[in-house]
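Asks: Heads up: the sequence lines are chains P and H, in that order. Just so you know, we're using my numbering here: the first sequence kicks off at 1 and counts up by one. Just so you know, we're using my numbering here: the second sequence kicks off at 1 and counts up by one. Note that beta-carbon positions come from the ideal geometry of N, C-alpha and C, so glycine has one too.
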Amino acid sequence: MTSRAQFEERFFGAFRWVVIAFLGLITLVPFYYMVLLSLKPIDALLLDPGRLWVSTKELTTTTYEEVLRPTSEGGQGFLTMLTNSALVSLATVALTLAAAVPGAYAISRLRFFGGRHVSTLFLAVYLFPATLLAVPLFVMFAKMGLQGSLVGLAIVYIAQTVPVSIYMMKNYFVTIPYSIEEAAAIDGCSRLQTVRKVVLPLAMPSIMATGLYIFMIAWNEFLFALLFLAAEPGKWTVSLGLQQLAGGIEVSKTVLMAGSVVLTLPVVLLFFLAERLLTEGLTSGADKG
Amino acid sequence: MTTRAHLSRRARGLPPGGRRPLTASGRENRAGLAFVTPTFVVVLVVVVLPILWTVLLAFQDAKLVDIQGMGLFGNWSLDNFDSVFASPGFWSSLVTTLVYTVGATVGSVLLGLTAALALRRPFRGRGILRGAMLLPYVAPVVAVAFVWEIALSPQFGIVNEWGRSLFGWDDPIAFLSTREYEVGLLGLHFDVPLALLTVIAFETWRYFPFAFLFLLARLQAVPDGLEEAATVDGATLTQRFRYVLLPQLMPVIALLCVLRFIMTFNKFDDVYLLTGGGAGTDVIAVRVYDFLTARYDVGAAAAQALVLAGILMVLLGIYFKFFAKKVQEES
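(1) Using beta-carbon positions only, say whether H/Leu-196 and H/Thr-101 come within less than 8 angstroms of one another.
(2) Would you mind telling me which residues of chain C sit closer than 8 angstroms to H/Ser-25, beta carbon to beta carbon, in chain order?
(3) Apply the 10 Å Cβ neighbour rule to H/Leu-152 and answer buried if 16 or more other Cβ atoms are within range, or exposed otherwise.
(4) Would you tell me roughly how many angstroms separate the C-alpha atoms of H/Phe-123 and H/Leu-94, rounded to the nearest one?
(5) Please report whether the beta-carbon of H/Pro-136 lies at a distance below 8 angstroms from any beta-carbon of chain P.
(6) Looking at H/Ala-301: is its Cβ nearer than 8 angstroms to the Cβ of P/Val-135?
(7) For chain P, check one thing: does any of its Cβ atoms lie closer than 8 angstroms to the Cβ of H/Ala-11?
(8) Would you list, in chain order, the members of the segment 160-194 of chain H that have their beta-carbon closer than 7 angstroms to a beta-carbon of chain P?
(9) At the 8 angstroms Cβ level, is H/Ile-262 part of the contact set with chain P, yes or no?
(10) Mind pulling the chain P residues with CB within less than 7 angstroms of H/Glu-28?
(11) In chain order, what residues of the segment 36-52 of chain H put their CB closer than 9 angstroms to some CB of chain P?
(12) Can you list the residues of chain P that H/Asp-82 reaches, using a CB-CB cut of under 7 angstroms?
(13) Please list the partners that H/Tyr-289 has in chain P, where partner means a Cβ-to-Cβ separation under 7 angstroms.
(14) Within 10 angstroms of the Cβ of P/Thr-161, are there 16 or more other Cβ atoms? Answer buried if so, exposed if not.
(15) Between H/Thr-96 and chain P, is the shortest Cβ-Cβ distance under 8 angstroms, so that the two count as touching?
(16) Measuring only between beta-carbons, confirm whether P/Leu-68 sits less than 8 angstroms from chain H.
(17) When you compare the CB positions of H/Leu-245 and H/Leu-215, do they come within less than 8 angstroms of one another, or not?
(18) Give me the chain P residues within the contact set of H/Trp-76, using Cβ-Cβ distance strictly less than 7 angstroms, ordered along the chain.
(19) List the residues that DSSP assigns as beta-bridge partners of H/His-189.
(20) Quick one: give me the first and last residue of the alpha helix (DSSP H) that H/Thr-293 is part of.
(21) Could you tell me how far apart the beta carbons of P/Trp-219 and P/Val-267 are, in whole angstroms, since I believe they sit closer than 8 angstroms?
(22) Please report how far the alpha carbon of P/Thr-131 lies from the alpha carbon of P/Leu-87, in whole angstroms.
(23) Which bits of chain P does H/Thr-101 rub up against, with CB to CB less than 7 angstroms?
(24) Measure from the C-beta of H/Ala-132 to each C-beta in chain P and report whether the shortest distance is under 8 angstroms.
(25) Is the shortest distance between the beta-carbon of H/Phe-214 and the beta-carbons of chain P less than 8 angstroms?
(26) Give the DSSP-derived three-state secondary structure of H/Asp-170 in the structure shown.
(27) Quick one: what does DSSP say H/Asp-269 is sitting in, helix, strand or coil?
(28) Quick one: residues in its chain with C-beta nearer than 7 angstroms to the C-beta of P/Val-174, no 5 flanking neighbours on either side, listed in chain order?
(29) Restricting to Cα atoms, I'd like to know which of P/Ala-94, P/Val-251, P/Pro-102, P/Leu-273 is closest to P/Ser-38.
(30) Helix, strand or coil: which one does DSSP assign to P/Asp-187?
(31) For H/Asp-79, which of helix, strand or coil comes out of DSSP?
(32) Any beta carbon of chain H sitting closer than 8 angstroms to that of P/Ala-246?
(33) So, H/Ala-145 versus H/Leu-274, is the Cβ gap smaller than 8 angstroms?
(34) For H/Val-298 and H/Val-283, which I take to be in contact (beta-carbon distance under 8 angstroms), what is that distance rounded to the nearest angstrom?
(35) Could you spell out where the alpha helix (DSSP H) holding H/Thr-204 opens and where it closes?
(36) With a threshold of 8 angstroms, are at least 3 pairs of Cβ atoms found where one atom belongs to the segment 101-116 of chain H and the other to the segment 230-245 of chain P?
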């Protein structure tokens, strides 16, 4: 019996490191490969596709220049697209937070008619495929003339971000002691004042984390951008621009990878700056099952 | 009655007339409804109404061109559903969707569990690795899909290049465009749906960090005493996992499976970007998109999306009826 226990301890002790190495490989190598190809001339890639480094002699940044240069100067105009993506994402963050903060507060704090069902209803949104929402929204926006507009896109993204925002903030609101609110009420604050002056400042970390998460979802979104903006090259987001670039002729793979880096970098930087905040915001409440 | 109520109101120092003052719970009810209203209105406008409209559209002959002038209640018919069920490829596409969803869900939760167990105890560099492991989940799908596409390319992909030099592959393998790949194993030959497996692998890779995050958080909340007691009782590592950790993790695993199943079932972009729905990877979400953009047949697209949602709900209903309780009891 002891020998089996010892064997298992030793086996899994070693196996654990194999797993750790494997996980490091599968998560880091693809991103390393992306950056690597973006810095290579296309000839070097075609000549020796298996090489995992780039010599200083052939190191090039022309791919990035081509991707970022405006279309009027023969480039791919990714700077405009970065602006578009940033605008849509920021608008989505603002709109979603405005819609979700009061709702999350109500669900976590107040007992009201139908309150228990509301949170289920918001989660039920996930049951419906984005493609299902896409059909009517596509038609609705065509009717309202919002089809090729960034504002329209931001409105659509709310549907994608509200449920998760409510879930994240609700879990945080619950942890704020109720007595603080009672104290504020005794001091003569109305409910709205209490929320604005006491609860919101206390919940700031959670609101920040939720905002960042919304930003990431909006920045990475692809289907709705494709449906609503494909006909309007001036309004393309980076995701859409990159996909369209890949479909185009005569764009080398290295330029495509430079575009991928440009698309990925902002969101990854943001993530690493706020990693702790984000992961805690997302998983708080996970231990309750 | 009125006068008495009036009197007592005055006696309590309340202004005469007006409505009865709300009780504390009444006030809370009103505040709750007031606070939830903005959220509710937004969800109503961007989610509930569009879904209801989809239901209506699915029963009408709606082409994108003439939808502008169409009323909400045009000619109702079941034609769209007829053509959906009769259309070639619908049933096979449903099977593909199911295989893809189950494969990717199981894959991502299992890999996430393995990762959470491996990274459970602190070691040098754990924080950095943990951050790095979330990259596939955080990075934009368009970017990572292209990296996979290029890495797997038969012409200049690193996978085929290394496969040939390290494993002696005779010909480059077109991972994303091979419907059936013949594999010889112990003298037996059989076909594997290579493109579908590749797409499942991609989805597993992209979403295991999600499962990992939640499982790691849960693992770290398991009290140490439980395992110590089991160790003292002579339980081996696998026994401790089976009888101590797994029951603790079961509710989170069940929740993750349901969430991942729903999301993968409806997934569009991953498959669309990798294969365009070709080579045996024609999941229903991609078909809906094709109906909508290639044929501008809004009615058929809506009907198809509705069928998709219906199937999902039936599956979830079965799950909650027969399994959800069991998981609860086990934990």
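Replies: Looking at the coordinates:
(1) no
(2) Of the protein chains in this structure, namely P and H, none is chain C.
(3) buried
(4) 45 angstroms
(5) yes
(6) Result yes, Cβ atoms of H/Ala-301 and P/Val-135 sit closer than 8 angstroms.
(7) Low per-residue confidence applies at H/Ala-11: pLDDT is 49, beneath 50, and the placement is therefore not dependable, though the value from the model is reported in the following sentence. No, H/Ala-11 lies away from the interface with chain P (no Cβ there is under 8 angstroms from its Cβ).
(8) Glu-161, Trp-162, Ser-165
(9) Cβ-Cβ to chain P under 8 angstroms: yes for H/Ile-262.
(10) Leu-110, Arg-111, Phe-112
(11) Val-36, Thr-37, Pro-38, Thr-39, Phe-40, Val-41, Val-42, Val-43, Val-45, Val-46, Val-47, Val-48, Leu-49, Pro-50, Ile-51, Leu-52
(12) In chain order: nothing, as chain P lies at least about 18 angstroms away.
(13) What H/Tyr-289 touches in chain P: Thr-131.
(14) It is buried - the Cβ of P/Thr-161 has at least 16 other Cβ atoms within 10 Å.
(15) Under the Cβ distance rule, H/Thr-96 does not count among the residues neighbouring chain P, no pair being separated by less than 8 angstroms.
(16) no
(17) no
(18) What H/Trp-76 touches in chain P: nothing, since even the nearest Cβ is about 17 angstroms away.
(19) Paired residue(s): H/Gly-184.
(20) Per DSSP, H/Thr-293 belongs to the alpha helix (DSSP H) from 284-294.
(21) Right, the Cβ-Cβ distance comes to about 5 angstroms (below 8 angstroms), so this counts as a contact.
(22) Rounded to the nearest whole angstrom, the CA to CA distance from P/Thr-131 to P/Leu-87 is 24 angstroms.
(23) None at all; the shortest Cβ gap to chain P is about 12 angstroms.
(24) yes
(25) yes
(26) If DSSP states are grouped into helix, strand and coil, H/Asp-170 belongs with coil.
(27) Three-state result, H/Asp-269: helix.
(28) Ser-108
(29) P/Val-251
(30) The three-state secondary structure of P/Asp-187, taken from DSSP, is coil.
(31) helix
(32) Yes, because at least one Cβ of chain H sits closer than 8 angstroms to the Cβ of P/Ala-246.
(33) yes
(34) The Cβ separation is near 20 angstroms, so there is no contact.
(35) 194-219
(36) no
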